[in-house]
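Novice:
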Amino acid sequence: MVYESSFPTVGYGITVLFDINESVKTLVCHMLGKESVEDKYLYLVGVNILQFGIYYRNVCKECEDINQIFYSSEDINFGIVCPKVVFLFDNMDSCRYFKDYFEKIDDPVEKVRNELAYGSTDIISMTLSIFNPIS
Numbered sequence: 628m629v630y631e632s633s634f635p636t637v638g639y640g641i642t643v644l645f646d647i648n649e650s651v652k653t654l655v656c657h658m659l660g661k662e663s664v665e666d667k668y669l670y671l672v673g674v675n676i677l678q679f680g681i682y683y684r685n686v687c688k689e690c691e692d693i694n695q696i697f698y699s700s701e702d703i704n705f706g707i708v709c710p711k712v713v714f715l716f717d718n719m720d721s722c723r724y725f726k727d728y729f730e731k732i733d734d735p736v737e738k739v740r741n742e743l744a745y746g747s748t749d750i751i752s753m754t755l756s757i758f759n760p761i762s
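Residue numbers (our numbering): 628 to 762.
#1: May I ask you to report which of helix, strand or coil DSSP gives residue 674?
#2: Tell me, please, which residues DSSP counts as bridged to residue 631.
#3: Decide if residue 711 is buried, meaning its Cβ has at least 16 other Cβ atoms within 10 Å, or exposed.
#4: With DSSP as the reference, identify every bridge partner of residue 712, one or two as the case may be.
#5: Rounded to a whole number of angstroms, what is the C-alpha to C-alpha distance between residue 737 and residue 651?
#6: Can you tell which of 739, 634, 698 and 730 has its C-alpha closest to the C-alpha of residue 676?
#7: Given a threshold of 16 other Cβ atoms within 10 Å of its Cβ, counted over all protein chains shown, does residue 674 qualify as buried or as exposed?
#8: Give the range of the beta strand (DSSP E) segment to which residue 643 is assigned.
#9: Comparing the CB of residue 633 with every heavy atom of the ligand ZN, is any distance shorter than 8 Å?
#10: Using 8 Å for Cβ pairs, my map puts residue 628 next to residue 672. What's the rounded Cβ distance?
#11: Count the other CB atoms, across all protein chains shown, that sit within 10 Å of the CB of residue 660; report buried if there are 16 or more and exposed otherwise.
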């Protein structure tokens with residue numbers, strides 16, 4: 628999902644870490660006020676980097692709180708949610724160019740390479756400026 632000049636609620640910055648049973652997934656969705664936690668990418672356009680750091684820390688805190696609830700229950704001894712991979716852009720055209728390219732990648736290894744190369748976290752925040760479609 629793409630957000631321009633604003634941040635979504637903290638819940639929209641969270642995704643499922645791995646496949647979990649449907650009852651736990653439904654419970655997590657209700658906790659976050661969302662219909663799905665499947666999407667693992669968040670696209671932000673024209674946001675302040677310092678405010679992004681605060682937003683990302685809040686997302687991480689919510690992930691910690693949710694994971695803590697599920698530790699040792701139903702034989703789950705590890706986390707079930709994590710922050711989405713976030714891509715930051717200076718304008719909507721840059722976002723569209725990258726998103727069009729990124730969503731066409733079928734190879735999982737290539738997908739992860741792009742996540743690592745272009746994704747942002749609280750510690751690593753980079754705003755992408757893409758002037759032409761990527762082929």
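We treat Cβ as the ideally placed atom computed from N, Cα and C, and that holds for glycine.
Specialist: Put simply:
#1: For the purposes of this step, residue 674 is taken as the residue at position 47 of the sequence shown. Coil, per DSSP.
#2: As a working mapping, residue 631 is identified with position 4 in the sequence shown. 672.
#3: Position 84 of the sequence shown, counting from 1, holds the residue named residue 711. The residue is buried, with at least 16 neighbouring Cβ atoms inside 10 Å.
#4: Stepping through the sequence shown from its first residue, residue 712 is reached at position 85. DSSP output for residue 712 lists 668 as bridge partner(s).
#5: Along the sequence shown, read from residue 1 onward, the residue named residue 737 stands at position 110. Along the sequence shown, read from residue 1 onward, the residue named residue 651 stands at position 24. Taking the straight line from one Cα to the other gives about 30 Å.
#6: Indexing the sequence shown from 1 puts residue 676 at position 49. Of the candidates 739, 634, 698 and 730, the one whose C-alpha sits nearest the C-alpha of residue 676 is 634.
#7: To locate residue 674, count along the sequence shown from 1; it is residue 47. So residue 674 ends up on the buried side.
#8: Residue 643 sits at position 16 when you count from the first residue of the sequence shown. 641-643 is the extent of the beta strand (DSSP E) around residue 643.
#9: Although the ligand ZN was asked about, the structure shown includes no ligands whatsoever.
#10: Counted from its first residue, the sequence shown places residue 628 at position 1. Counted from its first residue, the sequence shown places residue 672 at position 45. That belief does not hold up - the Cβ atoms of residue 628 and residue 672 are roughly 11 Å apart, past 8 Å.
#11: Your numbering for residue 660 matches position 33 in the sequence shown. Label assigned to residue 660: exposed.
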